Amino acid sequence: MIDVTKFIEDKKTIIGNESNDTDTQWHILLCFDDNYALPAGVNMYSIISNNPNKKLHFHLFMQNVSNDNKCKIEQLSSNHVSITQYYLNDKFKIHANNTKYFPISACLRIIAPLVIPKEVTKLLYVDSDTLCLASLDELFSVNIGDKIIAAVPDVENTQNSQCKKFQIEYGSYFNSGVLLYNLKKWNEANITEKALKLLNEGIAYKFPDQDVLNILLSNNIYYLPTKYNCLTLLSVGGYEDQQKAETGAVFIHYTSGSKPWFKLYLTSTYQKFIDGSPWYQAKLALANNLSPSTTRRYAKFLITQRKYICAFLYYLLYLKHKLFKK
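Counting in the working numbering, the sequence shown runs from 6 upward without gaps.
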């Protein structure tokens, strides 16, 4: 079996709960680099807020995260919250064909099951661009039996393309943004080594880690209701996440480039969790790709909010970008 410990540069555990209480902890995994440190931290805060008095242990697989963000993450520990930070080095490699559009940190969920302590049997993975809106009691009570993971089926368009491509049953292709691992079964099936082999063979996958996991885990998936991974496309000034919350979503998943930690797509729901987190003073970027069109769109949005002075300033910025761009 592959030795994944060689990818771990260091490990640090912040024990927030030092009591002798033997109640079972909930173990939760996030994997990210510095670009996703803020959303990962806000997501952690949303989980903590919606699960008060639950003993939570976050396992964070991090690459190139700044000291400032590390310190903010540590502030999330409390009497009920413990955090273990795993610092990844540059020895972890994925074929370049599969890191063009996705950060290598997205594949860390594949090696985590071999690093997490063996006494942990159930592990919940969540993408950093998800947000928890409700209690996780029901999810952690799910018995997936001998299945290797529990996950939510992906949307119809993705089913149409990926099921045909990989010759798997229509409707069975899952989204890897929220996964509940049966760690014992995962490791017995040697999924980590098999997945890394596929990712490094040179084949370019559209959704690298997600595609290979769907290939390997066919017939070993316990399917969860959509409420545990509600895929959400944000519009400028929209409130799509609030609509999902009103229909009972437990996790919303902000897919595409319209992320709520950019001012152009910031929602009141996401703002609430930023404000309660250690990142409450963070200066948010306007958009993931700043261009004259995004600046103009934000100016128009500000007008709808009756923030006329700010709208005027952003429109001037739009003109500057448009007139003087090379």
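Where a beta carbon is used, it is the ideal one built from N, C-alpha and C, also for glycine. These numbers come from a predicted model, not from an experiment.
For TYR210, the secondary structure class from DSSP, reduced to helix, strand or coil, is coil. If you look at THR197, you'll find it in the alpha helix (DSSP H) that goes 196 to 204. Around the C-beta of ASN103, 16 or more other C-beta atoms lie within 10 Å, and the residue is accordingly described as buried.
DSSP places LYS268 in the coil class of the three-state scheme, outside both helix and strand.
When the five nearest sequence neighbours on each side are left out, the beta carbons in the same chain lying within less than 6 angstroms of the beta carbon of LYS16 are those of TYR91, in order along the chain. Distance from the CA of ALA290 to the CA of GLY150, rounded to the nearest whole angstrom, comes to 44 angstroms. In the DSSP assignment, LYS17 falls within the beta strand (DSSP E) that extends over 13 to 19.
For a cut-off of 8 angstroms, the C-beta gap from THR135 to ASN48 is around 6 angstroms, short enough to register as a contact. DSSP links CYS36 through a beta bridge to PHE66. If you look at ALA250, you'll find it in the alpha helix (DSSP H) that goes 245 to 251.
Taking a cut-off of 8 angstroms on C-beta distances, the region 205 to 214 does not touch the region 171 to 178, as fewer than three cross pairs fall below it. Between the region 51 to 67 and the region 98 to 117, the count of C-beta pairs closer than 8 angstroms reaches three or more; the two stretches touch.
If you compare the alpha carbons of GLY243, SER181, ASN195 and VAL241 with that of HIS258, the shortest gap goes to SER181. By the CB criterion at 7 angstroms, LEU222 and LYS199 fall outside the cutoff. Here SER282 is not near TYR41, since their CB atoms are 7 angstroms or more apart. Straight-line measurement puts the Cα of GLN30 at about 10 angstroms from the Cα of SER87. Nearest C-alpha to THR260 among SER273, VAL183 and LEU324: VAL183.
Judged by DSSP secondary structure, ILE153 falls outside any alpha helix (DSSP H); it is assigned neither H nor E.
Inter-segment contact for the region 191 to 205 and the region 150 to 168 is present: three or more beta-carbon pairs are separated by less than 8 angstroms.
When DSSP reads this structure, LEU61 sits in a beta bridge with TRP31 and VAL86. Contact annotation: TRP266 and PRO44 have beta-carbon atoms nearer than 7 angstroms.
Under the DSSP assignment, ILE116 falls in the alpha helix (DSSP H) whose first and last residues are 113 to 116. By the Cβ-count criterion, LEU35 is buried, with 16 or more other Cβ atoms from all chains shown falling within 10 Å of its own Cβ.
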